[in-house]
Amino acid sequence: MNQLIRITQNKNKEQVVSARELHKILGVKKRFSEWWKENAKLLVEHEDYEGVLISTPYNPRFPEKVQQLQDYAVTADNAKHLAMQSQTKKSREIRDYFIACEKELKLRQLPMTLDQQIAAIATGYGSFKQELVEVQDKVTDLTERFGLPATNAAILKSTRNIHIIRFLGGKGSKAYHELGRKVFSEFGRDFKDNFGVPRYDAIPLSKYDEAIAYTKSWQPSYNTMISIRNTNMQIEFD
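Read in our numbering, the sequence shown has 183 at position 180, and its numbers run on one by one without any break.
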């Protein structure tokens, strides 16, 4: 597969890309800082992205003279959404590239498909029934350790966004603009503590329905709800 954009791994073994590189390949006309500010509103720091500093030459002819620029390591799943939100000629191509990379990674991690392992057992590798049970257990274990498939993770994220934005009073509310990041972070901490995972989409597929139900029933802390109410009430006096 030809490399369209460089994909690396962060400390949590997640696939991440440079926001600046993504912006450049998309061919967005807006400056990077404006594009990032507009498109990263619903992303949660330390969960969907991490801020990083990069060194780059002031002038290609003098590579020893460098400057520090703010960049962001964005998870591949969120980079797909950023690509589609940008609506450039490259958007769908980049989205499809991320999907293809994800499939290739999973294929590399699975030495055999379930059908291949069953076929191997059927040709004489020990007791068929016992071996089949072991293969099924291994496949189940792998599925549990992989976390949510991209489609389920996207649905969970959408459910989270809709639920929290409703608590904030909608995207047009004052609380959304002033407290949105805080409330999203609070949800992330509560979710990870409840399910014992490093990030919200790392739960096993077997707990997906439970995660959806938890997300729909989640509420901010009492103090946060008071802050939301008071912030939105300020509009009446401004």
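Note that the Cβ used here is the ideal one computed from N, Cα and C, for glycine as well.
Practice task
Taking 8 Å as the cut-off, decide whether the C-beta atoms of residue 2 and residue 218 are in contact.
Solution key: Because the chain here runs from 4 to 241, residue 2 falls outside it and cannot be looked at.
Exercise for the section: Kindly indicate which residue of 158, 97 and 18 has the alpha-carbon position closest to the one of residue 214. Expected result: The shortest CA-to-CA distance from residue 214 to any of 158, 97 and 18 is the one to 158.
Exercise for the section: Could you give the DSSP three-state label for residue 224: helix, strand or coil? Expected result: DSSP places residue 224 in coil when its eight states are reduced to three.
Problem - Close Cβ partners of residue 234 (< 7 Å) along its chain, the five nearest in sequence each way excluded - result: Correct list, in chain order: 177, 178, 181 and 182.
Practice task
Write down the C-beta distance between residue 223 and residue 200 rounded to the nearest angstrom, noting that I regard them as a contact closer than 8 Å.
Solution key: Residue 223 to residue 200, Cβ: 20 Å. No contact.
Practice task
May I ask you to report which of helix, strand or coil DSSP gives residue 132?
Solution key: Per-residue confidence for residue 132 stands at a pLDDT of 49, beneath the threshold of 50, marking its modelled position as unreliable; the derived number appears in the next sentence. Correct three-state label for residue 132: helix.
Handout entry: Proximal residues to residue 167 (C-beta, below 7 Å), its chain only, five neighbours per side dropped
Key = Closer than 7 Å at the Cβ level, and outside the excluded window around residue 167, lie 186, 187 and 190.
Practice task
Specify, as a first and last residue, the run of the alpha helix (DSSP H) that residue 3 falls within.
Solution key: The structure shown does not extend to residue 3, since the chain is modelled only from 4 to 241, so the question has no answer here.
Exercise for the section: Given a cut-off of 8 Å, decide if residue 192 and residue 15 are closer than it, judged by their beta-carbon atoms. Expected result: Going by C-beta atoms, residue 15 is not nearer than 8 Å to residue 192.
Problem - Distance CB(residue 47)-CB(residue 74) smaller than 8 Å - result: Judged by their CB atoms, residue 47 and residue 74 are not nearer to each other than the 8 Å cut-off.
Handout entry: Assigned secondary structure, residue 12 (DSSP; H/G/I helix, E/B strand, else coil)
Key = Under the three-state reduction of DSSP, residue 12 is assigned to strand.
Handout entry: Limits of the unbroken beta strand (DSSP E) element including residue 154
Key = Unbroken run through residue 154 is the alpha helix (DSSP H), 153-171; no beta strand (DSSP E).
Exercise for the section: Would you kindly work out how many angstroms separate the C-alpha atoms of residue 32 and residue 84, rounded to a whole number? Expected result: One C-alpha to the other measures close to 18 Å.
Exercise for the section: With DSSP as the reference, label residue 74 as helix, strand or coil. Expected result: Correct three-state label for residue 74: strand.
Handout entry: beta strand (DSSP E) segment containing residue 53, residue limits
Key = Per DSSP, residue 53 belongs to the beta strand (DSSP E) from 52-60.
Handout entry: Nearest residue (CA-CA) to residue 184, options 87, 77, 237 and 45
Key = From the listed residues 87, 77, 237 and 45, the smallest Cα separation to residue 184 is found for 45.
Practice task
Output yes or no for whether 8 Å exceeds the beta carbon distance between residue 78 and residue 51.
Solution key: Closer than 8 Å, so yes.
Exercise for the section: Report the rounded CA-to-CA distance for residue 81 versus residue 236, giving the unit in angstroms. Expected result: Answer to the nearest angstrom: the Cα atoms are 33 Å apart.
Problem - Assigned exposure category for residue 101 - 16 Cβ within 10 Å defines buried - result: The residue is buried, with at least 16 neighbouring Cβ atoms inside 10 Å.
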